[in-house]
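Student: Line by line, the protein sequences are chains A and B. Position 68, counted from 1, in the first sequence is what full-length UniProt numbering calls 68; the numbers after and before it change by one each time, with no gaps. Position 228, counted from 1, in the second sequence is what full-length UniProt numbering calls 228; the numbers after and before it change by one each time, with no gaps. Note that CB positions come from ideal geometry on N, CA and C, so glycine has one too. Please read all numbers here as calculations on a predicted model, not as lab measurements. This is the structure I have questions about; it appears just below.
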Amino acid sequence: MATDSMVPPGEDPAPFHDDVHDPRRRDFINIAAVAFAGIGGVAIVLPLINQMNPSADVLAQATTEVDLAKIEPGQGVITTFRKQPLFVRNLTPKEIAEANAVDISTLRDPETLAERTKTGKENWLITLGVCTHLGCIPLGIHEGDNRGIFGGYFCPCHGSQYDTAARIRQGPAPKNLFVPEYTFNSDTAITVG
Amino acid sequence: MSFPWAKHYEPKQPLMRWLDEKLPLPRLVYGAIGAGYPVPRNLNYFWNFGVLAGLALVVQIITGVTLAMHYASYSGGAFASVEAIMRDVNAGWFLRYAHANGASMFLLVVYIHIGRGLYYGSYKAPREMVWLLGVTIFLLMMATAFMGYVLPWGQMSFWGAQVITGFFSAIPLVGESIRIWLLGGFAPDNAALNRFFSLHYLLPFVIAGVIILHIWALHIPGSNNPTGVDVKGEQDTVPFHPYYTAKDGVGVGVFLLIFAALIFFSPNLLGHPDNYIEANPLSTPAHIVPEWYFLPFYAILKSFTADFILPAKLWGVLAMFGSILLLFFLPWLDTSPVRSANYRPKLRIALVVLLVDVLILGYVGGAEPIARNVIMGQIAAAYYFAHFLIILPWISRSEKPVALPHSITAAVLAKHGGTSPGHSALTTDDALTHNTALAN
Numbered sequence: 001m002a003t004d005s006m007v008p009p010g011e012d013p014a015p016f017h018d019d020v021h022d023p024r025r026r027d028f029i030n031i032a033a034v035a036f037a038g039i040g041g042v043a044i045v046l047p048l049i050n051q052m053n054p055s056a057d058v059l060a061q062a063t064t065e066v067d068l069a070k071i072e073p074g075q076g077v078i079t080t081f082r083k084q085p086l087f088v089r090n091l092t093p094k095e096i097a098e099a100n101a102v103d104i105s106t107l108r109d110p111e112t113l114a115e116r117t118k119t120g121k122e123n124w125l126i127t128l129g130v131c132t133h134l135g136c137i138p139l140g141i142h143e144g145d146n147r148g149i150f151g152g153y154f155c156p157c158h159g160s161q162y163d164t165a166a167r168i169r170q171g172p173a174p175k176n177l178f179v180p181e182y183t184f185n186s187d188t189a190i191t192v193g
Numbered sequence: 001m002s003f004p005w006a007k008h009y010e011p012k013q014p015l016m017r018w019l020d021e022k023l024p025l026p027r028l029v030y031g032a033i034g035a036g037y038p039v040p041r042n043l044n045y046f047w048n049f050g051v052l053a054g055l056a057l058v059v060q061i062i063t064g065v066t067l068a069m070h071y072a073s074y075s076g077g078a079f080a081s082v083e084a085i086m087r088d089v090n091a092g093w094f095l096r097y098a099h100a101n102g103a104s105m106f107l108l109v110v111y112i113h114i115g116r117g118l119y120y121g122s123y124k125a126p127r128e129m130v131w132l133l134g135v136t137i138f139l140l141m142m143a144t145a146f147m148g149y150v151l152p153w154g155q156m157s158f159w160g161a162q163v164i165t166g167f168f169s170a171i172p173l174v175g176e177s178i179r180i181w182l183l184g185g186f187a188p189d190n191a192a193l194n195r196f197f198s199l200h201y202l203l204p205f206v207i208a209g210v211i212i213l214h215i216w217a218l219h220i221p222g223s224n225n226p227t228g229v230d231v232k233g234e235q236d237t238v239p240f241h242p243y244y245t246a247k248d249g250v251g252v253g254v255f256l257l258i259f260a261a262l263i264f265f266s267p268n269l270l271g272h273p274d275n276y277i278e279a280n281p282l283s284t285p286a287h288i289v290p291e292w293y294f295l296p297f298y299a300i301l302k303s304f305t306a307d308f309i310l311p312a313k314l315w316g317v318l319a320m321f322g323s324i325l326l327l328f329f330l331p332w333l334d335t336s337p338v339r340s341a342n343y344r345p346k347l348r349i350a351l352v353v354l355l356v357d358v359l360i361l362g363y364v365g366g367a368e369p370i371a372r373n374v375i376m377g378q379i380a381a382a383y384y385f386a387h388f389l390i391i392l393p394w395i396s397r398s399e400k401p402v403a404l405p406h407s408i409t410a411a412v413l414a415k416h417g418g419t420s421p422g423h424s425a426l427t428t429d430d431a432l433t434h435n436t437a438l439a440n
């Protein structure tokens with residue numbers, strides 16, 4: 001073979017024989033090597049992305065216990081859940097009646113008061129105090145606050161109005177105030193989260 | 001580089017010759033911003049603003065790096081460390097006020113720089129890449145400015161972070177997860193503050209890198225000029241140094257005067273008093289407003305108050321980002337072959353109206369959301385999009401441009417009473433001086 005004379009001493013002459021060797025073997029090795037490095041690269045990116053998720057200490061604050069004993073009907077308290085304000089409100093019978101009087105088909109985010117509270121505890125309205133528009137804290141949890149035209153909460157940032165079931169009624173916010181997961185530990189205590 | 005008559009770097013000192021052989025860095029600088037870069041001879045003072053933006057970036061990096069020596073990016077101590085910079089650190093008040101007002105100066109200069117590009121058609125072929133890189137720099141600057149504003153951890157810092165990261169929760173399905181991922185928590189806190197500090201320190205150097213690409217892309221066709229007419233020969237240009245280094249020097253002086261007036265006489269003019277209250281996650285300030293340079297975009301965000309197919313909130317966020325991303329398409333929305341609005345009578349009017357429109361948006365962005373302001377903002381926001389998507393394409397088809405000068409030199413000489421390159425402006429001026437001298 002003519003090519004034999006071109007092969008450096010000690011090298012395998014096989015790759016130089018087009019007729020005896022399939023050149024795609026090199027392509028295969030090339031693709032395999034690049035793919036291996038590529039998968040390795042992606043594997044390294046994953047922890048770099050994941051490090052930005054909430055860390056263990058942030059998640060450790062993910063539950064909050066609230067004592068309801070001292071909250072009279074018509075009163076509300078503001079506490080924190082996952083570093084966000086949490087509204088706990090003891091609705092009056094009048095406020096419950098107002099919330100139930102609304103035709104839910106007219107609502108932007110249709111939900112009944114019963115769906116937003118626990119059975120038999122319809123007077124306890126537990127929501128995040130975070131306006132679903134851009135995250136401001138609505139007014140209305142403290143006595144004397146501006147509660148807006150629907151008697152629930154009013155966000156001063158962009159004018160969203162919530163009713164007594166903390167449902168969005170008017171303004172730019174798209175959703176009702178968020179009701180987090182919670183359970184009643186007893187009649188006067190809840191665990192949120 | 002751009003033109004065949006560009007001067008070449010010729011080192012005279014043996015040391016410089018030696019350096020030129022090993023690492024031709026002085027050669028690069030000479031060709032980029034020295035006598036080796038031929039520039040149209042008719043540039044006006046609007047052409048100062050690129051250099052001024054570069055200067056502002058240098059000021060921000062120097063003051064920023066020094067502030068970082070004293071700042072603590074810890075949610076429990078950030079606010080106190082900024083107060084310590086103001087009260088205890090030697091010249092700390094000066095560095096912080098220079099950095100805070102430097103951001104305003106940077107954005108101001110860049111807005112004028114963008115306006116210059118819009119008026120004189122600097123975004124048009126063959127400079128589209130210069131424009132695209134410029135819009136990229138603007139986006140990076142907005143991200144950097146926002147994250148920097150969070151660092152003092154005052155009320156406006158915190159609630160600004162809450163509102164702006166809230167934009168991402170408007171994305172359907174994955175929005176809330178993205179927001180939590182960006183913040184590293186359920187609300188802005190220590191994790192968010194630290195990553196914002198890290199990125200706020202990094203991004204200016206990314207901006208510096210994109211600026212190098214911006215200048216590189218500019219130097220291939222060469223600078224635009226107030227007539228928008230291409231350079232036809234050597235008589236149309238002068239070397240960047242000393243002609244425009246000197247002209248830019250004047251602009252730098254004015255820039256520094258205004259900057260100094262802000263720092264020393266009214267350092268909090270452009271800030272918000274609420275940011276001198278430490279961040280409180282349980283109390284929203286009565287009126288959340290961004291810094292002045294984001295107000296027009298904030299007004300567009302606030303303009304969407306009713307759902308239409310998509311939720312109002314998502315529309316607002318899409319429109320706000322869209323108002324900037326639209327600029328990426330500008331070179332292809334304006335199809336007129338004439339660059340300078342000096343020769344485009346309809347565009348000239350449209351650009352004045354656009355300027356007024358953006359100023360109205362700026363006012364609405366900072367105003368209370370009462371009905372009159374909301375409607376005014378909606379009209380102004382609609383007009384902003386109409387300008388780029390309807391009016392500009394229509395003008396570029398229907399407009400009859402004014403006759404262009406034959407060359408840059410012809411335009412310059414016409415201004416001085418001459419009509420041909422043979423009839424030089426210099427001799428006319430000399431003759432005038434001569435006559436005045438005789439009359440005396």
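Any C-beta of chain B sitting closer than 7 Å to the C-beta of Gly144 of chain A?
Tutor: Taking Cβ atoms only, chain B never reaches closer than 7 Å to Gly144 of chain A, which makes this a no.
Student: Using a Cβ-Cβ cut-off of less than 7 Å, give me the residues of the segment 45 to 56 of chain A that come near chain B, in sequence order.
Tutor: Here the close residues are Met52, Asn53, Pro54 and Ser55.
Student: Among the candidates B:Gly251, B:Ala6 and B:Ala84, whose CA atom is the shortest distance from the CA of Leu28 of chain B?
Tutor: For Leu28 of chain B, the nearest C-alpha among the options comes from B:Ala6.
Student: Cβ of Ala425 of chain B less than 7 Å from any chain A Cβ?
Tutor: Reliability of the predicted coordinates at Ala425 of chain B is poor, the pLDDT of 44 falling under 50, and the value obtained from them is presented with this limitation in mind. Closer than 7 Å: no.
Student: Asp334 of chain B to Ala341 of chain B, Cα distance in whole Å?
Tutor: If I take the Cα positions, the gap works out to 12 Å.
Student: Does Gly135 of chain A get closer than 7 Å to chain B when you measure Cβ to Cβ?
Tutor: It does; some Cβ of chain B falls within 7 Å.
Student: Ala62 of chain A to Pro126 of chain B, Cα distance in whole Å?
Tutor: Each residue's alpha carbon lies about 56 Å from the other.
Student: So which residues on chain B does Gly159 of chain A lean against when the C-beta distance must stay under 7 Å?
Tutor: Within 7 Å Cβ-Cβ: Pro369.
Student: Which same chain residues end up closer than 6 Å to Arg108 of chain A when comparing Cβ atoms and leaving out the 5 residues on each side of it in sequence?
Tutor: Result list for Arg108 of chain A: Ile168, in chain order.
Student: Based on Cα-Cα distance, which residue from B:Leu25, B:Ile33, B:Pro14 and B:Glu21 lies nearest to Ala246 of chain B?
Tutor: Measuring from the Cα of Ala246 of chain B, the nearest candidate turns out to be B:Ile33.
Student: Taking the CB atoms as reference points, tell me whether Pro165 of chain A and Arg89 of chain A lie closer together than 7 Å.
Tutor: Correcting the residue type first, residue 165 of chain A is Ala in the shown sequence and not Pro. Taking 7 Å as the Cβ cut-off, Ala165 of chain A and Arg89 of chain A do not qualify as a contacting pair.
Student: Take Asn280 of chain B and list the residues in its own chain whose beta-carbon comes closer than 8 Å to its own, dropping the five residues that flank it on each side.
Tutor: The residues are Gln155 and Phe158.
Student: Suppose contacts are defined by Cβ-Cβ distances below 7 Å. Is Pro85 of chain A in contact with Leu282 of chain B by that definition?
Tutor: It is a contact, given that the beta carbons lie within the stated cut-off.
Student: How about Arg167 of chain A: is its C-beta nearer than 7 Å to some C-beta of chain B?
Tutor: Arg167 of chain A does not count as touching chain B.
Student: Nearest CA to the CA of Ser336 of chain B: which residue from B:Trp216, B:Ser396, B:Gly362 and B:Pro204?
Tutor: The shortest Cα separation from Ser336 of chain B among B:Trp216, B:Ser396, B:Gly362 and B:Pro204 belongs to B:Ser396.
Student: With a 10 Å radius around its C-beta and 16 neighbouring C-beta atoms as the bar for buried, classify Ser186 of chain A as buried or exposed.
Tutor: Ser186 of chain A should be labelled exposed.
Student: On the three-state DSSP scale, how would you describe residue 209 of chain A?
Tutor: Residue 209 of chain A is absent from the structure shown; chain A starts at 1 and stops at 193.
Student: Anything in chain B within Cβ reach of Thr80 of chain A, meaning under 8 Å, just list it in chain order.
Tutor: Correct list: Pro281 and Leu282.
Student: Any idea which residues DSSP pairs Ser186 of chain A with across the strands?
Tutor: According to DSSP, Ser186 of chain A bridges with A:Ala189.
Student: Hey, does Ala187 of chain B have any beta-carbon neighbour from chain A nearer than 7 Å?
Tutor: By this cut-off, Ala187 of chain B is an interface position.
Student: Please compile the residues from chain A whose C-beta is within a distance smaller than 7 Å of the C-beta of Gln162 of chain B.
Tutor: In chain order: Gly135.
Student: Decide if Ile375 of chain B is buried, meaning its Cβ has at least 16 other Cβ atoms within 10 Å, or exposed.
Tutor: Exposed: under 16 other Cβ atoms inside 10 Å.
Student: I'd like the list of long-range same chain contacts for Asn435 of chain B, defined as Cβ closer than 6 Å, with 5 residues on each side in sequence excluded.
Tutor: At Asn435 of chain B, the pLDDT of 44 sits below 50, so the modelled position is not reliable; the number obtained from the coordinates is stated separately. Once the five neighbours on either side are set aside, Asn435 of chain B has no close Cβ partner at all.
Student: Starting from the C-beta of Pro204 of chain B, find all residues in its chain whose C-beta is less than 8 Å away, skip the five residues before and the five after it, and write them out in chain order.
Tutor: Only Leu57, Gln60, Ile61, Gly64 and Thr144 meet the Cβ criterion.
Student: Using beta carbons (cut-off 7 Å, strictly below), is Val77 of chain A in contact with chain B?
Tutor: Cβ-Cβ to chain B under 7 Å: no for Val77 of chain A.
Student: Against Pro174 of chain A, what residues of chain B qualify as contacts under a CB-to-CB distance less than 9 Å, listed in chain order?
Tutor: By Cβ distance, chain B contributes Ala170, Asp307, Pro311, Ala312, Lys313 and Leu314.
Student: Just to check my reading of the structure: Arg82 of chain A and Phe186 of chain B have Cβ atoms closer than 8 Å, yes? What is that Cβ distance to the nearest angstrom?
Tutor: Right, the Cβ-Cβ distance comes to about 4 Å (below 8 Å), so this counts as a contact.
Student: Considering only DSSP beta bridges, list what Leu310 of chain B is partnered with.
Tutor: DSSP output for Leu310 of chain B lists B:Phe308 as bridge partner(s).
Student: Just the Cα atoms here: how many angstroms apart are Leu270 of chain B and Ile112 of chain B?
Tutor: Straight-line Cα distance between these residues: approximately 18 Å.
Student: For chain B, is any of its Cβ atoms less than 7 Å away from the one on Lys83 of chain A?
Tutor: Taking Cβ atoms only, chain B reaches closer than 7 Å to Lys83 of chain A, which makes this a yes.
Student: For Gly166 of chain B, count neighbouring C-beta atoms within 10 Å of its own C-beta (all shown protein chains included) and say buried if the count is 16 or more, exposed if not.
Tutor: Answer is buried; the Cβ neighbour count reaches 16.
Student: Can you confirm whether Gly166 of chain B, when its beta carbon is compared against all beta carbons of chain A, has any partner nearer than 7 Å?
Tutor: Yes, because at least one Cβ of chain A sits closer than 7 Å to the Cβ of Gly166 of chain B.
Student: Taking Asp163 of chain A as the reference, which of A:Gly151, A:Tyr182 and A:Ala114 has the closest Cα?
Tutor: Nearest C-alpha to Asp163 of chain A: A:Gly151.
Student: Does the beta carbon of Pro180 of chain A sit closer than 7 Å to a beta carbon anywhere in chain B?
Tutor: No, no contact with chain B.
Student: At 4 residues or longer, and completely inside the segment 44 to 107 of chain B: list those alpha helix (DSSP H) runs for me, N to C.
Tutor: You should have 49 to 68 and 78 to 87.
Student: Run through DSSP, which three-state label would Tyr293 of chain B get?
Tutor: Three-state result, Tyr293 of chain B: helix.
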